[in-house]
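Asks: So in full-length UniProt numbering, spot 31 of the sequence shown is number 31, and the numbers just go up one at a time.
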Amino acid sequence: MILVPCKNVHNSLDAWMKNENNILDLGYSETFHRRWQYYFCLCSALFANDHIDTIQFTLTKDV
C-alpha cells in the first residue's frame, strides 16, 4: 500500500477545521486550535514540496 502523506495531512487539516466548534466546545483554547492548524498547514506544505517524507519499517526480535 502506498500512502500519500501530503493528501493525508490535508485531509486531517480539513477535518480539524470542520470540527473547530466541537474542539472548542470540549474546552480546548483557540490558541490550541490555531497551533494544530499551523502544524497541519506546515506539514502539508513540507510534504508537497518534498522537504520531508515518511518511512515505515518493522523491527523484529528472534526469541
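All residues carry an ideal CB built from backbone N, CA and C; glycine is no exception.
Which residues in the same chain have their Cβ closer than 7 Å to the Cβ of HIS33, if we skip the five residues on either side of it in sequence?
Replies: Walking along the sequence shown from the start, residue 33 turns up at place 33. Same-chain partners within the cutoff: GLU20, ILE23 and LEU24.
Asks: Exposed or buried, VAL63, counting other C-beta atoms within 10 Å across all chains shown (16 or more means buried)?
Replies: Indexing the sequence shown from 1 puts residue 63 at position 63. Per the 10 Å Cβ criterion, exposed.
Asks: For THR31, which three-state DSSP category applies?
Replies: Residue 31 sits at position 31 when you count from the first residue of the sequence shown. Here THR31 sits in helix by DSSP.
Asks: Where LEU13 and GLN56 are concerned, what is the direct C-alpha to C-alpha distance, given to the nearest angstrom?
Replies: Along the sequence shown, read from residue 1 onward, the residue named residue 13 stands at position 13. Along the sequence shown, read from residue 1 onward, the residue named residue 56 stands at position 56. In this structure, the alpha-carbon of LEU13 lies about 22 Å from that of GLN56.
Asks: Grouping DSSP H, G and I as helix and E and B as strand, with all else coil, what is GLN37?
Replies: Position 37 of the sequence shown, counted from the start, is the residue given in the question as residue 37. Here GLN37 sits in helix by DSSP.
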